[in-house]
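Engineer: No gaps in the numbering here: position 64 of the sequence shown is 60 in our numbering, and each next residue is one more.
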Amino acid sequence: MKPQGVAVLGSTGSIGTATLRVIARHPGRFRITALTASSNAALLRQQAASIRPEYLGIANPNGDSDPGWATGTDCLIAAATRADVDIVVNAVVGAAGLPATLAALEAGKRVALANKESLVMGGDAVLRACAHGRGEIVPVDSEHSAILQCIGRRTRAEVRRIILTASGGPFREWDAARIASATVEDALNHPTWRMGRKISIDSATLANKALEVIEAHYLFGLPYDRIDVVVHPQSIVHSFVEFIDGSVLAQVGFPDMELPILYALTHPDRVDDVPARVFDPSNASPLTFEPVDPERFPSFALGVAAGIKDGCAPAVFNAANEAAVALFLSGRIEFGDIARAIASTLTAIDGLPSNSVADLSAADLAARNHVVGLYRL
Ligand code: NAD
Ligand code: MG
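(1) Using the beta carbon as the reference atom, which residues fall closer than 7 Å to any heavy atom of the ligand MG, ordered along the chain?
(2) Within 7 Å: the Cβ of residue 330 and any heavy atom of the ligand NAD?
(3) Using 8 Å as the threshold, is the C-beta distance between residue 184 and residue 193 below it?
(4) Taking 8 Å as the cut-off, does the region 197 to 211 touch the region 299 to 308 (at least 3 CB pairs, one atom from each stretch)?
(5) Can you name the start and end residues of the beta strand (DSSP E) that residue 0 belongs to?
(6) Does DSSP put residue 350 in a helix, in a strand, or in coil?
(7) Can you give me the C-alpha to C-alpha distance between residue 168 and residue 107, rounded to a whole angstrom?
(8) Given the structure, does residue 17 come close to the ligand NAD, in the sense that its CB is under 7 Å from one of the ligand's heavy atoms?
(9) Taking DSSP's pairing of strands, which residues face residue 54 in a bridge?
(10) Pick out whichever of 103, 151 and 137 has its Cα sitting closest to the Cα of residue 129.
(11) Assuming residue 209 is part of the alpha helix (DSSP H), what are its boundary residues?
(12) Go ahead and pull the three-state DSSP assignment for residue 161.
(13) What is the rounded straight-line gap between the Cα of residue 312 and the Cα of residue 112?
(14) Within 10 angstroms of its Cβ, does residue 381 collect 16 or more other Cβ (buried), or is it exposed?
(15) What is the C-beta distance between residue 116 and residue 210, in whole angstroms, given that I count them as a contact (C-beta under 8 Å)?
(16) With a threshold of 7 Å, establish whether the CB of residue 92 neighbours any heavy atom of the ligand NAD.
(17) Can you give me the Cβ contacts of residue 35 inside the same chain, cut-off strictly under 6 Å, excluding the 5 residues immediately before and after it?
(18) For the alpha helix (DSSP H) that contains residue 120, what are its first and last residues?
(19) Return the first residue and the last residue of the beta strand (DSSP E) that residue 312 is part of.
(20) Report buried or exposed for residue 288, applying the criterion of at least 16 other Cβ atoms within 10 angstroms of its Cβ.
(21) Nearest to residue 83 by CA position, among 372, 15, 244 and 140, is which residue?
(22) Just verifying my parser: in three-state terms, what is the DSSP assignment at residue 261?
(23) List the DSSP bridge partners of residue 86.
(24) Is it the case that the CB of residue 87 approaches a heavy atom of the ligand NAD more closely than 7 Å?
(25) What is the DSSP secondary structure of residue 135, reduced to helix, strand or coil?
(26) Mapping the DSSP letters down to three states, classify residue 10 as helix, strand or coil.
(27) Apart from the five residues just before and just after residue 98, which ones in its own chain have a Cβ nearer than 6 Å to its Cβ?
(28) Along the beta strand (DSSP E) that carries residue 246, what are the first and last residues, could you check?
(29) Just list the beta strand (DSSP E) runs in the region 140 to 201, keeping only unbroken ones of 3 residues or longer that don't cross its boundaries, in chain order.
(30) Residue 53 and residue 101 look like a contact to me (Cβ under 8 Å); what is the Cβ gap, rounded to whole Å?
(31) Out of -3, 2, 233 and 220, which one is the CA nearest neighbour of residue 156?
(32) Taking the C-alpha atoms as reference points, what is the distance between residue 73 and residue -2?
(33) Quick one: what's residue 224 bridged to in DSSP?
(34) When the Cβ atoms of the region 242 to 252 are set against those of the region 317 to 336, are three or more pairs found closer than 8 Å?
(35) Can you find the residues in the same chain that come closer than 6 Å, C-beta to C-beta, to residue 142, ignoring five residues on each side of it along the sequence?
(36) Take the Cβ of residue 150 as the centre, count every other Cβ of all protein chains shown within 10 Å, and call the residue buried at 16 or more, exposed below.
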């Protein structure tokens, strides 16, 4: 069998580099034909030297790129729609990943989707592109991979509800006042996962879990009242599926993104691979579960409410969160301001049209401008 061509968008990030490690173990099955990064030319150069893909793109080169590399944001779409690409791993962070998700699906590709913001900002448009182009979306997010694996060949009608697990992040046991003034270093110190900076902050506010609830709504076609969340600090149970007969299945393992990445490439097949840490139940115990506290983690409640409200609200939530997280990471606002900025934006930017991707981009921009305006001196 000819190896499948893979484009890795965001190859220099946490998921991108993990994807390259996974694919390096399966050279007969996959061949990387395109890589793109935002601005890390040094790492992209190193990846190019060992992988030798046909296409290299750097979206924001800031003066550092090599001859032969494509430059500018269009390189994501160009990489995603190449004839030699069968699978697009979208490991870009943020709403910047949406155009490539749409283009890849319209071109009939399998999208191994880490970029959950694509589905949050443009869920309906992404599903339309998938149906129209006969593409396929397979989640990389560990919770959604777990759900996909548990559902197997069962139909949506046989699923009563899904229960996403959340680690609870670094502030699970902190009181509200201490959380409000947490530092960037505190917030980046995730207890069970090592990830990029934006998703690490989202995991500390629990905005990440709201994004994942919306992601699950679109991926599995379930209404919000059939999607629950439980805090599970050990990150061993990656999610649960409850079926109509009351049976509950879970997918478990030590936290490691390489398995969900590999599964997104091979689904529905399984291939021989060795996990970094072989599962051992006696080293995984105890497993504990507790409810989410929306009072201490208001970004979670705001995000789920935006999902239920639909229209432009999920795109506004996503953009306000991205803008506020960027301000927090650059030391301009406090941790507690992130949720305040999101709440203010959802109130101010309400009821905009959401019929097209252009509408959603306008709502996204209005939300970002609102957040910046809140803190302009
Ligand atoms: P990261 O910050 O480590 O990497 C992001 C990648 O995207 C980099 O290669 C960067 O160059 C590229 N990029 C960033 N902005 C870009 C832009 N404007 N245009 C083009 N490229 C751009 O992030 P990550 O942790 O790898 O997360 C990537 C995505 O995967 C996010 O949507 C995140 O929510 C999701 N995800 C990550 C994990 C994890 O363990 N890291 C787990 C589940 C889901
Ligand atoms: Mg996740």
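Beta carbons are placed, not taken as given, at the ideal position from N, Cα and C, and that holds for glycine.
Structural biologist: Inspection of the coordinates gives the following:
(1) Proximity to the ligand MG was defined by a C-beta distance below 7 Å to any of its heavy atoms, and the residues meeting it, in sequence along the chain, are 137, 138, 139, 204 and 208.
(2) Taking the first residue of the sequence shown as position 1, residue 330 is located at position 334. Judged by the Cβ position, residue 330 fails to qualify as a neighbour of the ligand NAD at the 7 Å threshold, every heavy atom of the ligand being at least this far.
(3) Taking the sequence shown and counting its residues from 1, one reaches residue 184 at position 188. Taking the sequence shown and counting its residues from 1, one reaches residue 193 at position 197. Residue 193 sits close to residue 184, with the two beta carbons spaced by under 8 Å.
(4) With a cut-off of 8 Å, the region 197 to 211 and the region 299 to 308 count as touching, because enough Cβ pairs lie within range.
(5) As a working note, residue 0 is residue 4 in the sequence shown. Note, residue 0: beta strand (DSSP E), 0 to 5.
(6) Within the sequence shown, the letter at position 354 stands for residue 350. Note: residue 350 maps to coil in three-state DSSP.
(7) Residue mapping note: residue 168 aligns to position 172 of the sequence shown, counting from 1. Residue mapping note: residue 107 aligns to position 111 of the sequence shown, counting from 1. Pairing residue 168 with residue 107, the inter-Cα distance amounts to about 33 Å.
(8) Numbered from its first residue, the sequence shown carries residue 17 at position 21. No, the ligand NAD has no heavy atom inside 7 Å of this Cβ.
(9) Walking along the sequence shown from the start, residue 54 turns up at place 58. Note: residue 54 sits in a beta bridge opposite 33 and 67.
(10) Position 133 of the sequence shown, counting from 1, holds the residue named residue 129. Checking every option, the nearest Cα to that of residue 129 belongs to 103.
(11) Taking the first residue of the sequence shown as position 1, residue 209 is located at position 213. Annotation for residue 209: the continuous alpha helix (DSSP H) segment containing it runs 203 to 216.
(12) As a first step, residue 161 must be located in the sequence shown, where it is residue number 165. Collapsing the DSSP output to three states places residue 161 in a strand.
(13) To locate residue 312, count along the sequence shown from 1; it is residue 316. To locate residue 112, count along the sequence shown from 1; it is residue 116. Computed Cα separation, rounded: 15 Å.
(14) Residue 381 lies beyond the residue range present for the chain, which begins at -3 and ends at 373; the question has no answer from this structure.
(15) Residue numbering aside, residue 116 sits at position 120 when the sequence shown is read from its first letter. Residue numbering aside, residue 210 sits at position 214 when the sequence shown is read from its first letter. Confirmed, about 5 Å.
(16) Start at 1 with the first residue of the sequence shown, and residue 92 comes out as number 96. Checking the Cβ of residue 92 against the ligand NAD gives yes.
(17) On the sequence shown, position 39 is the one that residue 35 refers to. These residues qualify, in order along the chain: 56 and 58.
(18) Numbered from 1 along the sequence shown, position 124 holds the residue referred to as residue 120. In the DSSP assignment, residue 120 falls within the alpha helix (DSSP H) that extends over 112 to 129.
(19) Locating residue 312 in the sequence shown gives position 316, counting from the first residue. The continuous stretches of beta strand (DSSP E) do not include residue 312, which lies in the alpha helix (DSSP H) extending over residues 309 to 325.
(20) As a working note, residue 288 is residue 292 in the sequence shown. Counting every other CB atom within 10 Å of its CB across the protein chains shown gives residue 288 a total of 16 or more, marking it as buried.
(21) Taking the sequence shown and counting its residues from 1, one reaches residue 83 at position 87. It is 15.
(22) On the sequence shown, position 265 is the one that residue 261 refers to. Under the three-state reduction of DSSP, residue 261 is assigned to helix.
(23) For this step, residue 86 is matched to residue 90 along the sequence shown. Residue 86 pairs with 5 and 109.
(24) Counted from its first residue, the sequence shown places residue 87 at position 91. Correct: residue 87 has its Cβ closer than 7 Å to the ligand NAD.
(25) If you number the sequence shown from 1, residue 135 lands on position 139. In this structure, residue 135 counts as strand in the three-state DSSP scheme.
(26) Working through the sequence shown from its first residue, we reach residue 10 at position 14. If DSSP states are grouped into helix, strand and coil, residue 10 belongs with the helices.
(27) Indexing the sequence shown from 1 puts residue 98 at position 102. Around residue 98, the same chain offers 125 as residues with beta carbons nearer than 6 Å, after the five sequence neighbours per side are excluded.
(28) Within the sequence shown, the letter at position 250 stands for residue 246. 244 to 248 is the span of the beta strand (DSSP E), which, as asked, contains residue 246.
(29) The qualifying runs are 155 to 162.
(30) Start at 1 with the first residue of the sequence shown, and residue 53 comes out as number 57. Start at 1 with the first residue of the sequence shown, and residue 101 comes out as number 105. That pair is no contact at about 19 Å.
(31) The residue given as residue 156 occupies position 160 in the sequence shown. Residue 220 is the option with its Cα nearest to residue 156.
(32) By 1-based counting over the sequence shown, the position of residue 73 is 77. By 1-based counting over the sequence shown, the position of residue -2 is 2. Looking at the two C-alpha atoms, the distance is approximately 24 Å.
(33) In the sequence shown, the residue the question calls residue 224 occupies position 228. Residue 224 pairs with 159.
(34) In short, these stretches do not touch, since the Cβ pair count stays below three.
(35) Along the sequence shown, read from residue 1 onward, the residue named residue 142 stands at position 146. Non-local beta-carbon contacts of residue 142 in its own chain, meaning distances under 6 Å to residues more than five positions away in sequence, involve 234, 235 and 247 in chain order.
(36) The count along the sequence shown starts at 1 and reaches residue 150 at position 154. Counting the other CB atoms within 10 Å of its CB gives residue 150 a total below 16, which places it among the exposed residues.
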